[in-house]
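A short write-up of the structure that comes next.
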């Protein structure tokens with residue numbers, strides 16, 4: 001007796017979050033700046049419109065270059081501090097369900113002879129891929145970050161004083177016209193020049209002379225372009241700005257909202273250079289672990305202010321390298337973010353990201369997935385598993401051909417391997433294994449208990465995998481041409497067979513032949529013959545008020 005089930009196949013439209021507020025789903029990213037003094041992490045939600053919101057922040061003072069900058073080698077204890085800091089950052093980010101990690105290493109790691117060892121350990125122990133960047137790249141990213149919070153109506157020098165290096169960018173009309181990275185970081189200079197506390201006048205003079213020589217090109221570029229303002233970024237500059245703010249008569253506003261007169265800044269710098277370690281420690285604007293290095297930073301900023309006669313104002317930005325990394329990510333991934341923003345479900349998003357990564361044939365994959373899940377619904381009374389397996393079938397169908405990126409021959413085996421070893425988000429291991437096997441058996445040999453991966457499954461899961469693979473194999477062959485020739489389906493499931501009527505845009509013979517020729521797995525898995533017959537789409541079903549055939553709109557010619 002027929003099991004009544006007649007309807008048109010329709011492509012599954014991915015879930016979208018464009019609702020009443022018109023806002024697309026963001027992607028959560030953790031950005032880690034591995035500096036010489038500290039590791040900074042920000043967790044952000046990035047949006048396809050180019051905006052982002054900070055979800056959480058974490059700063060870990062690691063002093064990675066302590067006693068090792070001159071030797072160009074990271075001490076073992078510093079490496080351990082760094083790995084412990086990354087462990088805490090990863091724990092926080094994972095707790096926020098972070099989707100992607102961006103980790104950039106700067107001066108200390110890129111210059112160290114064993115920096116590669118640290119990068120390798122971070123990958124092996126934590127799964128983090130750290131990218132060492134050049135000083136020039138660092139300067140560019142700092143500018144991108146600072147430009148999100150500062151306007152550059154006047155020619156401006158942007159300076160970031162790190163532990164190992166200093167980045168300088170001259171900005172005119174909102175565009176960088178000069179940039180460089182110099183090995184003048186506060187930790188490095190303290191290690192090389194500072195032995196007294198407070199810093200002696202002789203040490204200050206030697207340090208100032210060193211700065212003048214190293215900064216000659218920067219100061220020349222500033223004078224050439226008439227720089228009238230200095231903007232600082234990162235911890236040392238923020239501390240110096242806060243010291244300046246605390247010394248003003250009415251220190252009411254945040255330093256980020258303040259344009260300090262240069263003379264006020266220089267007065268604060270003189271205090272920092274003359275203060276003892278105890279006095280610096282007691283100052284609320286100076287972090288305890290920055291106490292012994294801030295003097296070198298103060299001499300550097302004072303040297304710059306002295307060398308720029310036109311500079312009248314000093315400001316500080318909340319943003320620095322890590323925010324620039326976010327901006328860089330947004331710019332580099334705008335197209336992908338637009339695509340992925342459609343998907344609310346992290347599982348669906350993860351599958352589509354993998355499909356794009358392996359250069360899927362999107363129209364074919366979507367068509368096969370729509371057909372396969374339609375057939376699942378038709379055969380549901382005969383299926384030996386939960387209804388939720390339809391989702392796994394759909395995802396296997398979307399990914400079934402990604403092995404083509406490796407090679408056409410045996411691409412079904414490559415698809416299985418790629419799915420099995422992918423970092424798909426939100427799936428249990430058994431679900432990934434099921435999707436991988438279903439994709440593997442969309443062509444080639446039929447599932448057999450002697451096959452290594454299929455044989456690992458329990459008997460019940462083997463039956464489910466066999467049935468899902470059978471549905472995918474039929475759906476795949478109903479688009480044998482890869483031109484989405486089939487525009488609608490009508491089915492009738494009886495005790496003896498599944499009858500499929502197919503309406504096509506062009507000659508249907510290839511799809512009909514392919515589906516029936518490869519129907520053996522379906523017949524074995526469901527105990528029903530498979531009959532595929534071409535037909536035309538009537539305007540409506542005889543004797544019914546509603547149309548039975550509804551061609552998929554996106555597939556109509």
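Residue numbers (full-length UniProt numbering): 1 to 557.
Ideal placement from N, C-alpha and C gives every residue a C-beta, glycine not left out.
Can you find the residues in the same chain that come closer than 6 Å, C-beta to C-beta, to residue i, ignoring five residues on each side of it along the sequence?
i: residue 635; result: There is no way to answer for residue 635, as the model of the chain reaches only from 1 to 557.
i: residue 395; result: 351 and 435
i: residue 183; result: 165
i: residue 81; result: 62
i: residue 73; result: 112, 113 and 114
i: residue 470; result: 521, 522 and 525
i: residue 190; result: 293 and 296
i: residue 130; result: 103, 105, 119 and 122
i: residue 211; result: 300 and 303
i: residue 110; result: 132
Would you list the residues sitting across from residue i in a DSSP beta bridge?
i: residue 167; result: 160 and 181
i: residue 467; result: Residue 467 is not bridged to any residue.
i: residue 53; result: 45
i: residue 105; result: 34 and 132
i: residue 175; result: 172
i: residue 534; result: 502
i: residue 61; result: 38
i: residue 232; result: 159 and 316
i: residue 100; result: 29
i: residue 529; result: 497
Find out if the Cβ-Cβ distance for the pair residue i, residue j is shorter than 8 Å.
i: residue 83; j: residue 41; result: no
i: residue 186; j: residue 161; result: yes
i: residue 27; j: residue 46; result: yes
i: residue 321; j: residue 102; result: no
i: residue 157; j: residue 230; result: yes
i: residue 489; j: residue 374; result: yes
i: residue 232; j: residue 35; result: no
i: residue 260; j: residue 324; result: no
i: residue 392; j: residue 468; result: yes
i: residue 66; j: residue 78; result: yes
i: residue 213; j: residue 167; result: no
i: residue 405; j: residue 308; result: no
i: residue 340; j: residue 349; result: yes
i: residue 465; j: residue 437; result: yes
i: residue 442; j: residue 473; result: yes
If we count the other Cβ atoms within 10 Å of its Cβ and call it buried at 16 or more, is residue i buried or exposed?
i: residue 331; result: exposed
i: residue 457; result: buried
i: residue 560; result: Beyond the ends of the chain as shown, which are 1 and 557, falls residue 560; an answer cannot be given.
i: residue 401; result: buried
i: residue 224; result: exposed
i: residue 125; result: exposed
i: residue 13; result: The predicted position of residue 13 is uncertain, since its pLDDT is 30 and thus under 50; no value can be drawn from it.
i: residue 239; result: buried
i: residue 263; result: exposed
i: residue 297; result: buried
i: residue 217; result: exposed
i: residue 527; result: exposed
i: residue 54; result: exposed
i: residue 38; result: buried
i: residue 408; result: exposed
i: residue 204; result: buried
i: residue 303; result: buried
i: residue 504; result: buried
i: residue 422; result: buried
i: residue 379; result: buried
i: residue 517; result: exposed
i: residue 280; result: buried
i: residue 335; result: exposed
i: residue 416; result: buried
i: residue 137; result: buried
Only counting the same chain, and skipping five residues up and downstream in sequence, which positions put a Cβ closer than 7 Å to that of residue i?
i: residue 270; result: none
i: residue 327; result: 144, 145 and 148
i: residue 514; result: 477 and 480
i: residue 244; result: 260, 264, 265 and 268
Taking CB distances under 8 Å as the criterion, tell me whether residue i reaches chain D.
i: residue 428; result: Absent from the structure is chain D; it holds one protein chain and no more.
Cutting at 8 Å between CB atoms, please list the residues of its own chain near residue i, excluding the five before and the five after it.
i: residue 479; result: 364, 367, 368, 371, 485, 486 and 511
query = Taking the runs of the alpha helix (DSSP H) that are 4 residues or longer, which of them lie wholly in the segment 472–525?
reply = 509–517
message = Quick check on the DSSP output: what are the complete beta strand (DSSP E) runs of length 3 or more inside the segment 237–266, in order along the chain?
response = The segment 237–266 contains no complete beta strand (DSSP E) run of 3 or more residues.
request  = Run through the segment 381–447 for me and flag every whole alpha helix (DSSP H) of 4 or more residues, listed as ranges in chain order.
outcome  = You should have 389–399, 411–421 and 429–440.
request  = Enumerate, from N- to C-terminal direction, the unbroken beta strand (DSSP E) stretches of 3 or more residues contained entirely within the segment 308–370.
outcome  = 313–316
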